[in-house]
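Right, one structure below, let's go through it.
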Amino acid sequence: MDLESLARRVSEHQRKGLAMKKLTLEYPELTVEQAYRIQALSVERSVAEGDRFVGWKMGLTSRAKQVSVGVDEPIYGRLLASMELRESLLSVGGLVHPRVEPELAFVLKEGLHGESVTPREVWRATECVVPALEVIDSRYENFSFTLVDVVADNASSARFYLGEQGFSPYGARWDEVGVVMRKNGEVVQTGAGAAVLGHPVRSVMMLTRMLAREGLGLEPGMVVLTGGITEAVPVQPGDAVEVSYEGLGSLELRVGR
Ligand code: 0L1
Ligand code: MG
1 MDLESLARRV SEHQRKGLAM KKLTLEYPEL TVEQAYRIQA LSVERSVAEG
51 DRFVGWKMGL TSRAKQVSVG VDEPIYGRLL ASMELRESLL SVGGLVHPRV
101 EPELAFVLKE GLHGESVTPR EVWRATECVV PALEVIDSRY ENFSFTLVDV
151 VADNASSARF YLGEQGFSPY GARWDEVGVV MRKNGEVVQT GAGAAVLGHP
201 VRSVMMLTRM LAREGLGLEP GMVVLTGGIT EAVPVQPGDA VEVSYEGLGS
251 LELRVGR
């Protein structure tokens with residue numbers, strides 16, 4: 001099986017925002033390890049073409065999402081500079097079926113490596129915690145996939161938006177931060193930081209552990225999206241999403257063509 005050509009296929013669908021059939025329909029024998037290789041190769045293609053690798057995301061960090069995909073461990077994806085929204089406007093051009101979810105992002109000032117990183121080490125390495133929105137977009141038809149498919153598709157990474165204000169890692173009980181998400185003025189989701197593996201710091205610890213198994217690690221300056229605090233909400237042009245993070249302010253995202 002030619003992982004390079006599968007990576008090219010995934011990249012093209014990501015770039016053009018075109019839905020595709022699940023890779024596992026054609027290659028049922030694909031493994032999770034091979035799927036991570038496809039993910040890495042497709043991101044390397046983007047970097048070779050001028051994009052920049054800026055961080056990582058954790059996905060499937062809530063029990064509900066893990067059950068829906070039939071797994072009991074989160075997955076990770078890679079973040080590129082081109083995915084970061086610089087203003088509070090999401091253009092759906094180039095996306096298949098975008099969904100928005102509130103997250104807490106950790107921005108690192110020091111690297112993190114190894115299989116047994118402690119919470120204290122994560123706090124010491126963290127420059128700030130930032131309220132964030134992730135826009136996920138599975139490139140698979142009907143947002144339907146297996147674990148292997150979604151890993152190869154960069155864990156559905158599409159866009160992310162970071163709040164302007166960063167907070168000291170010691171500035172809040174991150175597991176107790178309540179979140180209220182409104183779409184077009186109606187409350188559509190509520191949650192708390194504890195939805196992310198019990199505490200978002202565990203997401204960074206787990207990511208570091210998962211990367212260490214591959215000989216990888218987190219570098220200074222990187223962003224880590226720790227995982228959805230609520231279910232992801234589908235959006236379309238004309239929608240406006242507003243998320244308030246208890247004690248931390250709010251983020252808005254208008255959705256356009
Ligand atoms: O960020 C996430 O939790 C999404 C991971 C991939 C699963 C999905 O697309 O819903
Ligand atoms: Mg997410």
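Quick note: the sequence shown uses UniProt numbering, first residue 1, plus one each step.
We put the beta carbon where it would ideally sit given N, CA and C, even for glycine.
The structure presented is a predicted model; accordingly, all values stated were derived computationally and were not measured.
Contacting residues, own chain, Cβ-Cβ under 8 Å from residue 16 (five flanking each side not counted): Taking the first residue of the sequence shown as 1, we reach residue 16 at position 16. Same-chain partners within the cutoff: 94.
Relative to ligand 2, is the shortest distance from any of its heavy atoms to the C-beta of residue 136 smaller than 8 Å? Looking up residue 136 in the sequence shown gives position 136. Indeed, a heavy atom of ligand 2 lies less than 8 Å from the Cβ.
Would you mind giving the Cβ-Cβ distance between residue 90 and residue 38, rounded to the nearest angstrom? I have them listed as a contact below 8 Å. Sequence index remark: in the sequence shown, residue 90 carries index 90 (1-based). Sequence index remark: in the sequence shown, residue 38 carries index 38 (1-based). Actually they do not touch by this definition, with Cβ atoms about 26 Å apart.
Could you pull out every unbroken alpha helix (DSSP H) segment of at least 4 residues lying fully inside the region 68-151, listed in chain order? 119-125
Starting from the C-beta of residue 190, find all residues in its chain whose C-beta is less than 8 Å away, skip the five residues before and the five after it, and write them out in chain order. As a first step, residue 190 is located in the sequence shown; it is residue number 190 there, counting from the start. So the list reads 178, 179, 180, 181, 230, once near-sequence residues are dropped.
Would you tell me roughly how many angstroms separate the C-alpha atoms of residue 127 and residue 54, rounded to the nearest one? Here the question's residue 127 lines up with position 127 in the sequence shown. Here the question's residue 54 lines up with position 54 in the sequence shown. Going by the C-alpha atoms only, they are around 15 Å apart.
Can you look up residue 158 in the DSSP assignment and give me helix, strand or coil? Residue mapping note: residue 158 aligns to position 158 of the sequence shown, counting from 1. If DSSP states are grouped into helix, strand and coil, residue 158 belongs with the strands.
Taking 8 Å as the limit between beta carbons, can you name the residues of its chain near residue 124, skipping five residues before and five after? In the sequence shown, the residue the question calls residue 124 occupies position 124. Closer than 8 Å at Cβ, skipping near neighbours: 110.
In three-state terms, what does DSSP make of residue 237? Locating residue 237 in the sequence shown gives position 237, counting from the first residue. Three-state result, residue 237: coil.
Under the three-state DSSP convention, the category residue 190 falls into: In the sequence shown, residue 190 corresponds to position 190, counting from 1. Note: residue 190 maps to strand in three-state DSSP.
If I measure Cβ to Cβ from residue 201 and keep anything under 6 Å in the same chain, skipping five residues before and after, which residues do I get? Translated into the one-based positions of the sequence shown, residue 201 becomes position 201. For residue 201, where only same-chain residues beyond five positions count, the Cβ hits under 6 Å are 119, 122.
Go through its chain and collect everything with a Cβ distance to residue 205's Cβ below 8 Å, but skip five positions before and after it. As a first step, residue 205 must be located in the sequence shown, where it is residue number 205. Excluding sequence neighbours, residue 205 sits near 117, 118, 119, 122.
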